[in-house]
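In what follows, a structure is listed as C-alpha cells, so that the remarks can point back to it.
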C-alpha cells in the first residue's frame, strides 16, 4: 500500500489507524476520491488490525469485505480507523470507518466490514 500512499498513524492490539494524503491520482472525473481507493484503504487497514492479533508465523488474507459509501470524499486526506470485532484461530471479523479531512474538519465518508482468513505464513 506504500505505492498508494497509505501510512500507519497508530497501531495497537486489535486496532490500526492509517492516513492517505489525497492527490489528483486518487480522484475520479467528478473530483472526489475514487471508491476503489476508499475500499483499498479500508481493506488494508482492517487487515493490518487483524494482523496485530494473530500468532507469529501466521498471516491474514481478506476472505470477504463490504464497503458502504456514505458520501463523496474530498479534502486533504483520508483517515481510516479499523478494529477487530471478533478474533479467531481461522477467521477474524473486522470493521472500519473512513473519514475525509478537509480544512481541519473530519467527515465520515464510508464504513466497512471484513472477514480475514488466518493462514500459515
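Numbering (the working numbering), first residue to last: 262 to 382.
Think of the CB as a built atom: it goes at the ideal place given N, C-alpha and C, for glycine as much as any other residue.
| task | Determine the extent of the alpha helix (DSSP H) in which residue 312 is found, giving its start and end residues. | result | Along the chain shown, one-based indexing puts residue 312 at 51. From DSSP, the alpha helix (DSSP H) with residue 312 extends over 296-312.
| query | For residue 293, which residues from the same chain have a beta carbon less than 6 Å from its beta carbon, with the 5 sequence-adjacent residues on both sides left out? | reply | Taking the first residue of the chain shown as position 1, residue 293 is located at position 32. Sequence-distant partners of residue 293 (beyond 5 residues in either direction) whose C-beta falls short of 6 Å from its own C-beta, in its chain, are 333, 334 and 335.
| message | By alpha-carbon positions, which one of 304, 296 and 351 ends up nearest to residue 320? | response | Translated into the one-based positions of the chain shown, residue 320 becomes position 59. That would be 351, whose Cα lies nearest to the Cα of residue 320.
| task | Specify, as a first and last residue, the run of the beta strand (DSSP E) that residue 268 falls within. | result | Residue mapping note: residue 268 aligns to position 7 of the chain shown, counting from 1. 267-273 is the span of the beta strand (DSSP E), which, as asked, contains residue 268.
| query | Ordered along the chain, which non-local residues of its own chain (more than five positions away) have a Cβ less than 6 Å from that of residue 330? | reply | Locating residue 330 in the chain shown gives position 69, where the first residue counts as 1. Within the same chain, Cβ atoms closer than 6 Å to the Cβ of residue 330 are found at 296 and 371, the five residues on either side in sequence being excluded.
| query | By how many angstroms is the C-alpha of residue 364 removed from the C-alpha of residue 380? | reply | Indexing the chain shown from 1 puts residue 380 at position 119. Indexing the chain shown from 1 puts residue 364 at position 103. Between residue 380 and residue 364, the C-alpha separation is close to 42 Å.
| query | Is residue 373 near residue 342, with beta carbons less than 8 Å apart? | reply | Stepping through the chain shown from its first residue, residue 373 is reached at position 112. Stepping through the chain shown from its first residue, residue 342 is reached at position 81. No.
| message | Output needed for residue 310: all residues of its chain with C-beta closer than 7 Å, excluding positions within five of it in sequence on either side, in chain order. | response | As a position in the chain shown, residue 310 is number 49, starting the count at 1. Counting only Cβ-Cβ distances below 7 Å, and skipping sequence neighbours, we find 275, 276, 277, 343, 344, 345 and 355.
| message | Measuring straight from C-alpha to C-alpha, what distance separates residue 382 and residue 324? | response | Along the chain shown, read from residue 1 onward, the residue named residue 382 stands at position 121. Along the chain shown, read from residue 1 onward, the residue named residue 324 stands at position 63. Straight through space, the alpha carbons of residue 324 and residue 382 are spaced by roughly 16 Å.
| said: Assuming residue 291 and residue 279 are in contact, meaning their beta carbons sit under 8 Å apart, how far apart are those beta carbons, in whole angstroms? | reply: One-based indexing of the chain shown puts residue 291 at position 30. One-based indexing of the chain shown puts residue 279 at position 18. That belief does not hold up - the Cβ atoms of residue 291 and residue 279 are roughly 24 Å apart, past 8 Å.
| Hey, out of 368, 376 and 361, whose CA is closest to residue 281's CA? | Along the chain shown, read from residue 1 onward, the residue named residue 281 stands at position 20. Residue 361 holds the alpha-carbon nearest to the alpha-carbon of residue 281 among 368, 376 and 361.
| query | Who are the Cβ neighbours of residue 314 in its own chain at under 8 Å, not counting the five residues just before and after it? | reply | The residue labelled residue 314 in the question sits at position 53 within the chain shown. The residues are 274, 275, 345, 348 and 353.
| request: Would you check if the distance between the CB atom of residue 367 and the CB atom of residue 340 is smaller than 8 Å? | output: Along the chain shown, read from residue 1 onward, the residue named residue 367 stands at position 106. Along the chain shown, read from residue 1 onward, the residue named residue 340 stands at position 79. Yes, these two residues count as a Cβ contact at 8 Å.
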